[in-house]
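To start, the structure under review is shown below, and the notes come after it.
Protein chains: 2
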Amino acid sequence: MSTTQMMKGILDGCLLAIIKDREVYGYELAEQLELYGFDALSEGTIYPLLLRMQKEELVTSTRKKSTAGPKRKYYSLTAKGEQELEHFIGRWEYLQTNVNRVLKHETASDESQGRG
Amino acid sequence: MSTTQMMKGILDGCLLAIIKDREVYGYELAEQLELYGFDALSEGTIYPLLLRMQKEELVTSTRKKSTAGPKRKYYSLTAKGEQELEHFIGRWEYLQTNVNRVLKHETASDESQGRG
DNA sequence: TTGTATGTCTTGTATTGCAAGGTATACAAG
DNA sequence: CTTGTATACCTTGCAATACAAGACATACAA
Numbered sequence: 025m026s027t028t029q030m031m032k033g034i035l036d037g038c039l040l041a042i043i044k045d046r047e048v049y050g051y052e053l054a055e056q057l058e059l060y061g062f063d064a065l066s067e068g069t070i071y072p073l074l075l076r077m078q079k080e081e082l083v084t085s086t087r088k089k090s091t092a093g094p095k096r097k098y099y100s101l102t103a104k105g106e107q108e109l110e111h112f113i114g115r116w117e118y119l120q121t122n123v124n125r126v127l128k129h130e131t132a133s134d135e136s137q138g139r140g
Numbered sequence: 025m026s027t028t029q030m031m032k033g034i035l036d037g038c039l040l041a042i043i044k045d046r047e048v049y050g051y052e053l054a055e056q057l058e059l060y061g062f063d064a065l066s067e068g069t070i071y072p073l074l075l076r077m078q079k080e081e082l083v084t085s086t087r088k089k090s091t092a093g094p095k096r097k098y099y100s101l102t103a104k105g106e107q108e109l110e111h112f113i114g115r116w117e118y119l120q121t122n123v124n125r126v127l128k129h130e131t132a133s134d135e136s137q138g139r140g
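From first to last, the protein sequence lines stand for chains A and B.
So the first sequence is residues 25 to 140, counted in the numbering used here.
So the second sequence is residues 25 to 140, counted in the numbering used here.
Here you go:
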């Protein structure tokens, strides 16, 4: 039982949201996601995603020294990245609304009467 | 801008939820999902999913005559399918909780203090 | 040089939504 | 019987993406 498939198309939005809050580096993002309640995420998941987002100009990166290890690559959001985050939030709300409607067997035309 | 990726691992749960409510046939499921607010879903999405779920013994099917066309294949949930639906709901709540925490920048240890 | 912890990146695989196209039934019109 | 339309189901091939496994690099201690 895993949520692997469910993370598709959602993880990138989560990364954008975390990066928007403050500059973070890749290794740290995996830890952050755990703080938010997710199971540990592989670096093989995080890094390709960050590179893809950088290629799409959603984020920029700057290398900074670490106290204990190689240089860290800190990411921050571009204007385009902030826009994409807004789009993601819209898609996420759309998904949440519709899935919850299905689970409650309330069609869209039932609106929010919630009296079952 | 589409929610294609976000549907992965979620659509099957939605189908289980709809089928649990009442017997439905594949062609109808696409229409049902629209009633719940989703954009139109391709039959190339629905049918392979139903076949997969039947192979996994989550659903069973019976053919019944249609008033206007070939026989319909009506699906209903097995006990295993009901269990899987419960598991799905659990995963969905886990996902909802954690993504919403990320979007609000509330870590799991912040619990539900919501005073930001 | 060896070992440990910290950090980043690459390769290959599995899953799954979807477009495109094929097959089959019912019915009406000719 | 053929043609056209609506209904209904299925298959093939593609694209996107989370992930395991492993490679590579830096800092520091023994």
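Backbone N, C-alpha and C define an ideal beta-carbon position, used for all residues, glycine too.
Quick caveat, the model's predicted, so the values are computed rather than measured.
- [ ] Return the residue from the list B:77, B:52, B:76 that minimises the CA-CA distance to residue 65 (chain B).
- [x] Indexing the second sequence from 1 puts residue 65 (chain B) at position 41. Closest option to residue 65 (chain B), Cα to Cα, is B:52.
Open item on the list: Counting only beta-carbon separations shorter than 9 Å, does residue 86 (chain A) have a partner in chain B?
Closed with: To locate residue 86 (chain A), count along the first sequence from 1; it is residue 62. No, its Cβ sits nowhere closer than 9 Å to a Cβ of chain B.
TODO: Under the assumption that residue 46 (chain A) contacts residue 60 (chain B) (Cβ atoms under 8 Å), give the Cβ distance between them as a whole number of angstroms.
DONE: Within the first sequence, the letter at position 22 stands for residue 46 (chain A). Within the second sequence, the letter at position 36 stands for residue 60 (chain B). With a Cβ gap of about 37 Å, residue 46 (chain A) and residue 60 (chain B) do not count as contacting.
Open item on the list: Do residue 49 (chain A) and residue 98 (chain A) count as a contact pair if the criterion is CB distance below 9 Å?
Closed with: On the first sequence, residue 98 (chain A) is found 74 positions in, with the first residue counted as 1. On the first sequence, residue 49 (chain A) is found 25 positions in, with the first residue counted as 1. Going by C-beta atoms, residue 98 (chain A) is nearer than 9 Å to residue 49 (chain A).
Task: With 16 other Cβ atoms within 10 Å as the buried cut-off, status of residue 132 (chain B) - done: What you label residue 132 (chain B) is simply residue 108 of the second sequence in a count that begins at 1. With fewer than 16 Cβ atoms within 10 Å of its Cβ, residue 132 (chain B) is classed as exposed.
- [ ] May I have a chain-ordered list of the beta strand (DSSP E) segments no shorter than 3 residues that lie completely inside the stretch 58-103 of chain B?
- [x] 83-88, 96-101
TODO: Taking 9 Å as the cut-off, decide whether the C-beta atoms of residue 33 (chain A) and residue 30 (chain B) are in contact.
DONE: By one-based count along the first sequence, residue 33 (chain A) stands at place 9. By one-based count along the second sequence, residue 30 (chain B) stands at place 6. Yes, these two residues count as a Cβ contact at 9 Å.
Task: Strand pairing of residue 123 (chain B), partner residues [DSSP] - done: Counting from one through the second sequence, the residue named residue 123 (chain B) turns up at place 99. Bridge partners of residue 123 (chain B): none, in fact.
Open item on the list: Taking 9 Å as the threshold (beta carbon to beta carbon), is residue 52 (chain A) in contact with chain B?
Closed with: The residue given as residue 52 (chain A) occupies position 28 in the first sequence. No, residue 52 (chain A) lies away from the interface with chain B (no Cβ there is under 9 Å from its Cβ).
- [ ] Mind listing the chain A neighbours of residue 126 (chain B)? Cutoff is C-beta to C-beta under 8 Å, in chain order.
- [x] To locate residue 126 (chain B), count along the second sequence from 1; it is residue 102. Near residue 126 (chain B) (Cβ distances below 8 Å), the residues of chain A are 38, 41, 42, 57, 60.
Open item on the list: Can you pull the chain A neighbours of residue 68 (chain B), defined as C-beta to C-beta under 9 Å?
Closed with: Sequence index remark: in the second sequence, residue 68 (chain B) carries index 44 (1-based). Those within 9 Å of residue 68 (chain B) in chain A number zero; the least Cβ separation is about 18 Å.
TODO: Can you tell me which of A:62, A:83, A:26 puts its alpha carbon nearest to the alpha carbon of residue 108 (chain A)?
DONE: As a first step, residue 108 (chain A) must be located in the first sequence, where it is residue number 84. Looking at the Cα atoms, A:83 is the closest of the given residues.
- [ ] For residue 123 (chain B), decide whether its Cβ has a neighbour in chain A, counting only Cβ atoms nearer than 9 Å.
- [x] Start at 1 with the first residue of the second sequence, and residue 123 (chain B) comes out as number 99. True, the Cβ-Cβ gap to chain A drops below 9 Å.
Task: Residues that residue 49 (chain A) bridges to, as DSSP identifies them - done: Residue numbering aside, residue 49 (chain A) sits at position 25 when the first sequence is read from its first letter. Its beta-bridge partners are A:98.
Open item on the list: Measuring alpha carbon to alpha carbon, tell me which residue in B:28, B:68, B:41 is nearest residue 101 (chain B).
Closed with: Here residue 101 (chain B) refers to the residue found at position 77 of the second sequence. Nearest of B:28, B:68, B:41 to residue 101 (chain B), Cα basis: B:41.
TODO: Establish whether the CB of residue 79 (chain B) and some CB of chain A are separated by less than 9 Å.
DONE: For the purposes of this step, residue 79 (chain B) is identified with residue 55 of the second sequence, where counting begins at 1. No, because no Cβ of chain A sits closer than 9 Å to the Cβ of residue 79 (chain B).
Open item on the list: Is there a Cβ of chain A sitting closer than 9 Å to that of residue 140 (chain B), yes or no?
Closed with: Numbered from 1 along the second sequence, position 116 holds the residue referred to as residue 140 (chain B). Unreliable positioning characterises residue 140 (chain B) in this predicted model, as indicated by a pLDDT of 36, which lies under 50. The coordinate reading is nonetheless provided below. Cβ-Cβ to chain A under 9 Å: no for residue 140 (chain B).
- [ ] With DSSP collapsed to three states, give me the class of residue 129 (chain B).
- [x] Walking along the second sequence from the start, residue 129 (chain B) turns up at place 105. In the structure shown, residue 129 (chain B) sits in coil (DSSP, three-state: anything other than H, G, I, E or B).
Open item on the list: If we define contact as Cβ-Cβ less than 9 Å, is residue 47 (chain A) a contact residue for chain B?
Closed with: The count along the first sequence starts at 1 and reaches residue 47 (chain A) at position 23. By this cut-off, residue 47 (chain A) is not an interface position.
Open item on the list: I want to verify the contact list: residues of chain A whose CB lies under 8 Å from the CB of residue 118 (chain B), in sequence order.
Closed with: For this step, residue 118 (chain B) is matched to residue 94 along the second sequence. Correct list: 27, 61.
Open item on the list: Given this structure, state the Cα-to-Cα distance separating residue 63 (chain B) from residue 123 (chain B), to the nearest angstrom.
Closed with: The residue you call residue 63 (chain B) lines up with position 39 of the second sequence. The residue you call residue 123 (chain B) lines up with position 99 of the second sequence. Rounded to the nearest angstrom, the two C-alpha atoms are 22 Å apart.
- [ ] Evaluate residue 75 (chain B) with the Cβ neighbour count: other Cβ atoms within 10 Å of its Cβ, from every protein chain shown; 16 or more gives buried, anything less gives exposed.
- [x] Position 51 of the second sequence, counting from 1, holds the residue named residue 75 (chain B). The residue is exposed, with fewer than 16 neighbouring Cβ atoms inside 10 Å.
- [ ] Using a Cβ cut-off of 9 Å, pull out every chain B residue sitting near residue 131 (chain A), in sequence order please.
- [x] Indexing the first sequence from 1 puts residue 131 (chain A) at position 107. Result: 56, 59, 60, 61.
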